[in-house]
Amino acid sequence: MSIVHSPQRLARTAGVYYLVVAVLGAFAHLVRARVYVPGDAATSTQNVVSDASLVNYSLVADLVQATFLVLVVMTLYRLLHHVSENWSRAMVIFVVIAVAITCLNMVHQLGALLIATDPAYAAAIGVQGSDALVLLMLDLQHHGYLIAQIFFGLWLLPLGLLAYRSGMFPRVLGQLLMFASAGYLLDVGLQFLAPDLAATFNPALVILFTLAEGSMLLYLLIRGVRPVQAADHALQAA
Numbered sequence: 002m003s004i005v006h007s008p009q010r011l012a013r014t015a016g017v018y019y020l021v022v023a024v025l026g027a028f029a030h031l032v033r034a035r036v037y038v039p040g041d042a043a044t045s046t047q048n049v050v051s052d053a054s055l056v057n058y059s060l061v062a063d064l065v066q067a068t069f070l071v072l073v074v075m076t077l078y079r080l081l082h083h084v085s086e087n088w089s090r091a092m093v094i095f096v097v098i099a100v101a102i103t104c105l106n107m108v109h110q111l112g113a114l115l116i117a118t119d120p121a122y123a124a125a126i127g128v129q130g131s132d133a134l135v136l137l138m139l140d141l142q143h144h145g146y147l148i149a150q151i152f153f154g155l156w157l158l159p160l161g162l163l164a165y166r167s168g169m170f171p172r173v174l175g176q177l178l179m180f181a182s183a184g185y186l187l188d189v190g191l192q193f194l195a196p197d198l199a200a201t202f203n204p205a206l207v208i209l210f211t212l213a214e215g216s217m218l219l220y221l222l223i224r225g226v227r228p229v230q231a232a233d234h235a236l237q238a239a
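Every number in our numbering is 1 more than the matching position in the sequence shown, counting from 1.
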């Protein structure tokens, strides 16, 4: 087996890509949380104007991390497709849909930035009108991320199942990923249908997401995968 295509090399490459996704995605999320004040158009607009450079950087960061997520799933496909071709393809499809929604959703952040920083909009429809448009763009982006979260959650199900069956990862890691998948879907449903209840469950769900994906990221980076012999033994025992 060539070094380029070895499981260890593929796993650590996926880990590096995943790290880029985590760092840039966290940065973009923190900037959004900094500027977006639900229900307060004037404050949200002022925040966007004050932190216009950060908002622009976070837009680019989100586009880059979305691109790297495609690289993550392509690398994991090469690593795990021998376990189940169908589940591996499903994993790729879910990520591609999530990334497509995320990239299109960035138009809303760009719209908020343009409206807030270009005086022509306020001159045409008034300050209150332009502030309301900025808030609308940020509201749409927030809900667009929730829609994308459906597929960010769904991709963890085949990933967790493949990790569990492959013997290349601890089984508890695969189980955590599958639980996180269900958690993402639960969070989306609650956010749309019962926002007050979502606020109650969200902190626990965030811990679950962080534990599952953080553990996978660290395992890929530090351990890579289990030795081939151990993986083969675990796969036969499954």
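All residues carry an ideal CB built from backbone N, CA and C; glycine is no exception.
For alanine 183, the closest C-alpha among the options Asp197, Leu198, Phe152 is that of Phe152. Across the structure, alanine 23 and glycine 215 are spaced so that their CA atoms are roughly 9 angstroms apart.
Where methionine 75 is concerned, the enclosing alpha helix (DSSP H) starts and stops at 53-81.
Cα atoms of histidine 109 and leucine 187: separation of roughly 25 angstroms, rounded to the nearest angstrom.
With contacts defined as CB atoms closer than 8 angstroms, serine 85 and tyrosine 78 fail to qualify as a contacting pair. Put simply, the segment 127-136 does not touch the segment 98-107. Fewer than three CB pairs are less than 8 angstroms apart. Setting aside the 5 residues that flank it on each side, valine 189 is surrounded in the same chain by Leu147, Gln150, Ile151, each with a C-beta closer than 6 angstroms to its C-beta; the list follows chain order. Valine 74 counts as buried, since no fewer than 16 other beta carbons sit within 10 angstroms of its beta carbon. Less than 8 angstroms separates the beta-carbon of glycine 16 from that of leucine 222. Contiguous alpha helix (DSSP H) elements confined to the segment 138-213 occur at 172-194, taking only those with 4 or more residues.
Arginine 35 carries a helical assignment under DSSP once its states are collapsed to helix, strand and coil.
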